[in-house]
Each structure stands twice: as C-alpha cells, then as structure tokens.
C-alpha cells in the first residue's frame with residue numbers, strides 16, 4: 007500500500023519524536039529506584055567520603071536510596087568507562103575529580119572522551135593546595151623562591167604523589183610559568199617525611215594533609231594555589247600575586263552519561279546545590295579541607311572541559327607520562 011506523501015511525513019516525524027517523548031516520560035517519574043554514584047578510588051579516600059556525604063543528603067531529598075560504589079583501578083579510568091557506557095537514565099552517576107581531567111591527556115588509549123561522553127551535573131567542592139618548603143630552605147617568599155631556583159637550576163627537589171598526579175602537575179605549571187628547573191621526585195607512598203627531613207625542598211600539596219605541619223612550623227607555606235586568600239591560611243598570599251595567572255585547584259563533582267535527560271540533570275543539580283547550602287554540610291566539607299562548589303550543570307560541564315584543555319598544555323609541555 008502506498009501512503010500519500012503528507013501522511014508518510016507525518017508518521018515519520020511522529021516516529022522520530024518517540025525517543026525524546028520516552029526520555030521525557032522517564033524524567034517525569036524519576037527516580038523510582040536507587041541511584042548509584044560510582045567512585046573510581048578506594049573506600050576511605052576523599053572522593054569516597056565526599057560521595058557518601060552528598061549521597062546521604064541526596065537520598066533524603068529524592069526519596070530514594072543513593073548507593074556509592076567504589077570501583078578503583080587505572081587512575082579511575084575503569085570506573086569512568088563503566089559510567090559512560092551505562093544507560094543515560096539518571097540512575098548511574100560519576101563522582102568526577104581533577105584526575106579525570108588529567109587522564110584525558112595522560113592516557114592515549116581511553117575508550118571514551120570525557121568532554122563528549124559525560125555531562126556535568128553539579129560541582130561539589132574545590133580543594134585548595136599550598137606551595138610549601140622545608141623551613142631550613144632559604145627562600146621565605148614566592149619571589150625569593152623563583153630567584154633562588156633560577157640561581158640554582160636543577161638543584162631543588164620537588165616531591166609529588168606520582169607522575170601525572172595533581173601534586174605533580176601543579177608544580178609543573180609553576181615551573182612552566184616561572185621558567186625554573188626543579189627536579190621532580192615522584193613517590194608511591196607518603197612524601198611528607200622526606201620534605202620534613204630536607205631530602206626534598208618543595209611540595210605543592212593539599213592543605214588538609216599538611217595544615218598541621220604548617221601550623222606547627224615544621225613546614226613553611228609560600229603561597230596558596232587559589233586566586234584569593236583562604237580562611238585556613240589567611241596570612242599566606244596566592245601564588246598568582248607574584249606569578250600572574252597561576253591558579254591550580256583540585257575539585258569534586260557529579261557527572262552523568264551525556265544523553266541523560268536535562269530534566270533529571272536539573273533536578274539533581276537543584277537537590278545538590280540545596281544540600282551544599284546546609285550549614286551541617288558546609289561544616290563537614292570544611293573539616294575535610296574543601297569548600298562548597300555550587301554550579302549549574304552548564305557551568306560545571308564547561309569547567310570540566312576547561313580543565314581538560316588547561317592541563318593538557320601542561321602535561322604536553324612537561325612530557326608527563328602515566329606510571
């Protein structure tokens with residue numbers, strides 16, 4: 007049977023609209039079962055702790071259980087690939103961190119594209135770092151450090167948690183912008199003891215891990231990696247005050263498969279931002295050494311993409327390879 011052209015086009019248009027209508031209908035009733043947050047790091051680490059903290063509040067606001075699943079391995083790339091390939095129905099989310107943005111350039115054989123295959127749902131928290139030195143090290147300010155490093159090229163050891171980690175790339179950004187030659191010393195375990203003993207001289211490290219040593223005078227802070235001063239270290243200036251444009255921040259957020267219905271993403275974002283505004287959540291995040299990071303889905307998606315591009319330049323400049 008031959009259909010009139012107008013009738014055929016009408017039916018074709020209706021068929022094309024069915025997937026969008028079904029996604030809209032699914033969003034209307036969402037959630038009807040538990041929501042899963044996948045974390046690409048071991049239980050007990052900061053990403054896992056933050057995921058469980060926000061998961062508890064999400065469960066209360068959504069009226070459904072929120073389950074945190076730890077799937078460590080390969081720098082979180084295994085977990086990310088699993089989420090990218092999960093149904094885009096709002097029931098599988100990813101706890102994304104700065105490492106995900108770094109991995110986009112570090113690993114050349116990824117079977118996903120972070121910027122294309124995930125959509126930002128909401129920011130959760132940012133994690134400031136601090137540039138610190140052994141107290142016996144002569145420089146006491148960032149300008150003095152830069153001058154000393156230029157006068158002693160290749161003589162200053164910079165500790166990190168390993169190739170391609172945030173503690174490494176934050177230091178490489180400093181080296182690139184300041185034009186100094188520091189010797190990178192990667193560690194698989196705790197790098198603080200060698201900094202305390204003077205075997206290494208400088209570290210760009212997370213504040214929660216080092217705040218006790220800084221307050222006790224066992225390490226000397228030179229500058230924070232944020233664009234402004236921090237309440238935790240009010241007397242320590244930003245590195246950017248002396249090295250214009252320098253800014254390096256760790257972060258945590260939630261993302262979803264890229265085709266997740268906008269209505270679901272929007273509802274999640276609203277629930278998360280409301281949770282981040284709660285005094286109890288703010289206090290718990292502050293205790294972890296991080297600050298709330300409230301963003302719209304579009305802003306967080308753009309933020310992730312921006313960090314992928316920013317750190318790609320540093321990783322390629324420094325020829326960083328994963329361990």
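In the numbering used here, the protein residues as written are 7 to 329.
The C-beta atom is built at its ideal place from N, Cα and C for all residues, glycine as well.
Rounded C-alpha distance that separates residue i from residue j
i, j, result
"residue 323", "residue 182", "8 Å"
"residue 325", "residue 291", "34 Å"
"residue 264", "residue 213", "33 Å"
"residue 201", "residue 66", "44 Å"
"residue 278", "residue 144", "46 Å"
"residue 316", "residue 82", "20 Å"
"residue 245", "residue 154", "16 Å"
"residue 298", "residue 221", "24 Å"
"residue 3", "residue 266", "Nothing about residue 3 can be reported from this structure: the residues present for the chain run from 7 to 329 only."
"residue 236", "residue 186", "26 Å"
"residue 109", "residue 320", "13 Å"
"residue 250", "residue 38", "50 Å"
Contact under 7 Å by Cβ, residue i with residue j
i, j, result
"residue 132", "residue 257", "yes"
"residue 176", "residue 228", "no"
"residue 46", "residue 306", "no"
"residue 135", "residue 248", "no"
"residue 165", "residue 206", "yes"
"residue 261", "residue 59", "no"
"residue 269", "residue 33", "yes"
"residue 96", "residue 36", "yes"
"residue 53", "residue 101", "yes"
"residue 275", "residue 303", "yes"
"residue 226", "residue 141", "yes"
"residue 254", "residue 179", "yes"
"residue 117", "residue 87", "yes"
Reference residue i, options the options, closest by Cα
i, options, result
"residue 171", "277, 195, 85, 306", "195"
"residue 99", "105, 89, 107, 106", "89"
"residue 119", "106, 130, 129, 128", "106"
"residue 72", "50, 320, 310, 43", "43"
"residue 160", "167, 218, 188", "188"
For residue i, the residue or residues it bridges with in DSSP
i, result
"residue 76", "45"
"residue 35", "Looking at the DSSP assignment, residue 35 forms no beta bridge with any residue, so it has no partner."
"residue 164", "190, 208"
DSSP-derived helix/strand/coil call for residue i
i, result
"residue 155", "helix"
"residue 7", "Legend: pLDDT at residue 7 = 49, less than 50; position of this residue unreliable, no value from coordinates given."
"residue 303", "helix"
"residue 83", "helix"
"residue 192", "strand"
"residue 239", "coil"
"residue 259", "strand"
"residue 350", "No answer is possible for residue 350: it lies beyond the span of the chain, which begins at 7 and ends at 329."
"residue 140", "coil"
"residue 98", "strand"
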